[in-house]
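> There's a structure below that I have some questions on.
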Amino acid sequence: MKKNKMLFISLAVLVLLGIMKTEVQAQISKGGQPFNFQKGKSSASLPIYQVASPSMDGVEAMDAEDEKNGMPYRVAFNVPVHFDFFDYAQKEVIGNRLVWTLEIQSQGAKALNAYYENFVLPADGLFFVYSSQYDYVSGAFSQENNRPSGLFATAMIPGDKMIMEYSEPISSGMNSPKAVIRISDIGYHYRGAASLTGEKIDESEFCEVNINCPEGENWQREKKGVVKLVMKEGSASYLCSGSLINNTAQDLTPYLLTAYHCSASASAADKEMWVFYFNYEREGCENTGTAPTNQTLTGCTMVARGMMSGGSDFQLLLLNESPPEGYNPYWNGWERSTTPSTSGVSIHHPAGDIKKISTYTTALSVGNWSSGMAQGHWRVYWAATQTSHGVTEGGSSGSPLFNSDKKIVGTLTGGGSYCNSPNVPDYYGRFDKHWNANGSAALQQLAPWLDPCNKNLTTLEGIDYEYFNQAPDSVMAISLGDGSINLNWKKVNATDQVVIAV
């Protein structure tokens, strides 16, 4: 049944009648071309800041052991540098702007990224990071990317060289930059970066199924909520998967659900520099070509968690900004029923690769993760499908498990499925346990955050920006003669959520 809503709004303001989308400013780049490109694409004359390559002795064996023991998928070492960009950059005039450029090198890296301990840009300043071949650009970043903490991170650039560029308009008598750009660490990525190049996208195992293969045809809406996480944790960075998730206020709060073990030791400052990749996928079913990497957000805070040891292994993050409408994001729905789902999928980023889908056709069963709470996980067996037999890997941790109603019912902790042993089960922390079974404090539950309206729902549909773009069926405005008006309208959707722009 459609519901009538009444609202009193002062006549002193301009009232825009209709159901309006929320305006957001995201931690994103503005696009555009670096000013250094106007000179011709050559980095031969740029100053170079050389970063020592970390020792890789024994790393492969160490990573294999860590992953076997439920640790997240490490992809990079963060080399401390603590230098001021302007102390090393070359300054020149290009057009009507002062431009500073610096090349950073670290021999042997598959990709590089930077973490900033103080990043403050003025209103007219622009910052880019790009490859030494000038074929991969991240930016422009602007004043909109400033934060109170001053912390920031830029995404991976393929190869062992990257160029930083800052520019601002020429001001009379101004020789010093108005920006502050101080780099704390350079991320040396030794794996998890193959899909940044034009090479075959094959970082994950051979049996994985791309999200845009036939198996993903009925999951095109839900996939838009699943993201790849690059998580700084002290001196290393790790990969996991996660999903935007809806709450009963249906207000597009940028909550993201993942696994706690993905970042058990990350500090609040580390989380300010996490990078979230949206729509990181191939258009078709094949594994060739590149995936878009320009749809990113940076930074988050943790609002709730259930530990892996003795808990159900979940983490609810609040992103620093909402993903913009241009990312076409989807806040996935959820169900906290204790009844096992009979079929469904998981959507994930194994080994940091493009988005994949794994399918189950046998009912979930209650299982125990070795160190987790009793009966705190769903046990899932993957099925062979039309394209292959998708499984999970390192980097899949934290990914959502969907039931047949396309609702999240769990998050991946780990398991033994591999392409060579696809019939070994995986274990997903149960959503119903995440809800309120990890402790009595709000920090230990999903309930206070995903049910702020205290509706006590057991299931909730997903939502996207289109929900707010629907005009009302009808609107009637009556002046009451006392400086207010009476608005009476009927909504398209019979829910309590109404957004009025004034």
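Numbers in the numbering used here are just positions in the sequence shown, counted from 1, shifted up by 101. Even glycine gets a Cβ: it sits at the ideal position worked out from N, Cα and C. Since the structure is predicted, the reported quantities are computational estimates derived from the model, not experimental observations.
For F253, which residues from the same chain have a beta carbon less than 6 Å from its beta carbon, with the 5 sequence-adjacent residues on both sides left out?
Here residue 253 refers to the residue found at position 152 when the sequence shown is read from its first residue. If we look at F253 and ignore the five residues flanking it on each side, its Cβ neighbours are Y217 and F220.
> State the Cα-Cα distance for the pair A113 and S580, rounded to the nearest angstrom.
In the sequence shown, counting from the first residue as 1, residue 113 sits at position 12. In the sequence shown, counting from the first residue as 1, residue 580 sits at position 479. In this prediction, A113 has a pLDDT of 31, which is less than 50 and means its spatial position is unreliable; nothing more can be read from the coordinates.
> As a quick exercise: from W536, S459 and L330, pick the residue whose alpha carbon is nearest that of S605.
Since the displayed the chain opens at 102 and closes at 603, residue 605 lies outside it and no answer follows.
> Roughly how many angstroms separate the alpha carbons of S243 and G477, rounded to a whole number?
Taking the first residue of the sequence shown as position 1, residue 243 is located at position 142. Taking the first residue of the sequence shown as position 1, residue 477 is located at position 376. S243 and G477: Cα-Cα distance of roughly 44 Å.
> With burial defined as no fewer than 16 other Cβ atoms inside 10 Å of the residue's Cβ, what is the status of Q151: buried or exposed?
Here the question's residue 151 lines up with position 50 in the sequence shown. Exposed, since its Cβ has fewer than 16 Cβ neighbours within 10 Å.
> Going by C-alpha to C-alpha distance, which of A162, R283, S342 and K329 sits closest to S498?
Numbered from 1 along the sequence shown, position 397 holds the residue referred to as residue 498. Comparing Cα positions, the closest option is S342.
> Just checking, does the stretch 198–207 make contact with the stretch 521–531 on the three C-beta pairs under 8 Å criterion?
With a cut-off of 8 Å, the stretch 521–531 and the stretch 198–207 do not count as touching, because too few Cβ pairs lie within range.
> Taking Cβ to Cβ, would you say Y378 is nearer than 7 Å to R406?
In the sequence shown, counting from the first residue as 1, residue 378 sits at position 277. In the sequence shown, counting from the first residue as 1, residue 406 sits at position 305. It is not a contact, given that the beta carbons lie outside the stated cut-off.
> Assign F307 to one of two classes, buried (16 or more other C-beta atoms within 10 Å of its C-beta) or exposed (fewer than that).
On the sequence shown, position 206 is the one that residue 307 refers to. Answer is exposed; the Cβ neighbour count stays below 16.
> Taking 6 Å as the limit between beta carbons, can you name the residues of its chain near M408, skipping five residues before and five after?
Translated into the one-based positions of the sequence shown, residue 408 becomes position 307. If we look at M408 and ignore the five residues flanking it on each side, its Cβ neighbours are Y361.
> Any contact of the stretch 384–393 with the stretch 345–359, i.e. 3+ C-beta pairs under 8 Å?
They do not touch, by the three-pair rule.
> Taking the DSSP output, what are the residues bridged to H449?
Residue numbering aside, residue 449 sits at position 348 when the sequence shown is read from its first letter. In the DSSP output, where bridge partners are listed per residue, H449 has K457.
> Alpha helix (DSSP H) containing L551: first to last residue?
Here residue 551 is taken as the residue at index 450 of the sequence shown, counted from 1. Here the alpha helix (DSSP H) through L551 covers A548 to L551.
> May I have the straight-line CA-CA distance separating P249 from Y289, to the nearest angstrom?
Locating residue 249 in the sequence shown gives position 148, counting from the first residue. Locating residue 289 in the sequence shown gives position 188, counting from the first residue. One C-alpha to the other measures close to 27 Å.
> Pick from M577, G563, N179 and V230: whose alpha carbon is nearest that of E436?
Here residue 436 refers to the residue found at position 335 of the sequence shown. Closest by alpha carbon: G563.
> Verify whether the separation of the beta carbon atoms of R175 and P270 is less than 7 Å.
Counting from 1 along the sequence shown, the entry for residue 175 is found at position 74. Counting from 1 along the sequence shown, the entry for residue 270 is found at position 169. In this structure, P270 does not lie closer than 7 Å to R175 by Cβ.
> Give the single residue among S442, D286 and T560 whose Cα lies nearest to the Cα of S336.
Here residue 336 refers to the residue found at position 235 of the sequence shown. Ranking the options by Cα distance to S336, first place goes to D286.
> For R322, count the other beta carbons within 10 Å of its own beta carbon; 16 or more makes it buried, fewer makes it exposed. Which is it?
Translated into positions along the sequence shown, residue 322 becomes position 221. With fewer than 16 other Cβ atoms within 10 Å, it is exposed.
> Just list the residues that DSSP pairs V180 with in beta bridges.
The count along the sequence shown starts at 1 and reaches residue 180 at position 79. Per DSSP, I287.
> List in chain order: all unbroken beta strand (DSSP E) runs of 3+ residues lying wholly within the stretch 225–282.
Those beta strand (DSSP E) runs which fall completely within the stretch 225–282 and span 3+ residues are 227–232, 238–242, 253–259 and 262–270.
> Residues in the same chain with beta-carbon distance under 6 Å from D225, minus the five sequence neighbours each way, listed in chain order, please.
As a working note, residue 225 is residue 124 in the sequence shown. Excluding residues within five positions, the ones whose Cβ falls inside 6 Å are E269 and P270.
> Determine the DSSP secondary structure at K169, reduced to helix, strand or coil.
Along the sequence shown, read from residue 1 onward, the residue named residue 169 stands at position 68. Residue state, collapsed to three classes: helix.
> What ranges does the beta strand (DSSP E) occupy inside the stretch 381–439, keeping only unbroken runs of at least 3 residues that lie completely in it?
DSSP runs (the beta strand (DSSP E)) wholly in the stretch 381–439: 397–399, 401–407 and 415–420.
> Could you say if the stretch 505–522 and the stretch 374–388 meet the contact criterion of at least three C-beta pairs nearer than 8 Å?
No, they do not touch.
> So the candidates are S423, C363, A464 and T460; which of them puts its Cα closest to the Cα of M441?
The sequence position of residue 441 within the sequence shown is 340, counting from 1. Note on identity: in this sequence residue 441 is Pro, with Met being the wrong assignment. Of the candidates S423, C363, A464 and T460, the one whose C-alpha sits nearest the C-alpha of P441 is A464.
> Leaving aside the five residues before and after A365 along the sequence, list all residues of the same chain whose C-beta is less than 8 Å from its C-beta, in chain order.
Here the question's residue 365 lines up with position 264 in the sequence shown. These residues qualify, in order along the chain: M408 and M409.
> DSSP on V125, reduced to helix/strand/coil?
Along the sequence shown, read from residue 1 onward, the residue named residue 125 stands at position 24. Bear in mind that a pLDDT of 30 at V125, under 50, signals an unreliable position, so the number given afterwards is only what the model happens to contain. Three-state result, V125: coil.
> Which of helix, strand or coil does DSSP assign to N524?
Here residue 524 refers to the residue found at position 423 when the sequence shown is read from its first residue. Coil.
> Can you give me the start and stop residues for the beta strand (DSSP E) that Y378 sits inside?
Here residue 378 is taken as the residue at index 277 of the sequence shown, counted from 1. Taken as a continuous stretch (DSSP letters only), the beta strand (DSSP E) holding Y378 covers V376 to Y378.
> With C-beta atoms as the reference, is N429 less than 7 Å away from K325?
On the sequence shown, residue 429 is found 328 positions in, with the first residue counted as 1. On the sequence shown, residue 325 is found 224 positions in, with the first residue counted as 1. Yes. Within cutoff.
> If we call anything under 7 Å between Cβ atoms a contact, is S338 one with L358?
Your numbering for residue 338 matches position 237 in the sequence shown. Your numbering for residue 358 matches position 257 in the sequence shown. The answer is no: Cβ separation not under 7 Å.
> Answer yes or no: the CB of A350 versus the heavy atoms of the ligand MG, is any distance below 6 Å?
No copy of the ligand MG appears in this structure; indeed no ligand is present at all.
> Start and end of the beta strand (DSSP E) containing Y356?
Here the question's residue 356 lines up with position 255 in the sequence shown. Start and end: Y356 to T359.
> Assign Q139 to buried or exposed, taking buried as 16 or more other Cβ atoms, counted over all protein chains shown, within 10 Å of its Cβ.
Here residue 139 is taken as the residue at index 38 of the sequence shown, counted from 1. By the 10 Å Cβ count, Q139 comes out exposed.
> When you compare only the Cα positions, how much space is there between G260 and L420?
The residue you call residue 260 lines up with position 159 of the sequence shown. The residue you call residue 420 lines up with position 319 of the sequence shown. Each residue's alpha carbon lies about 28 Å from the other.
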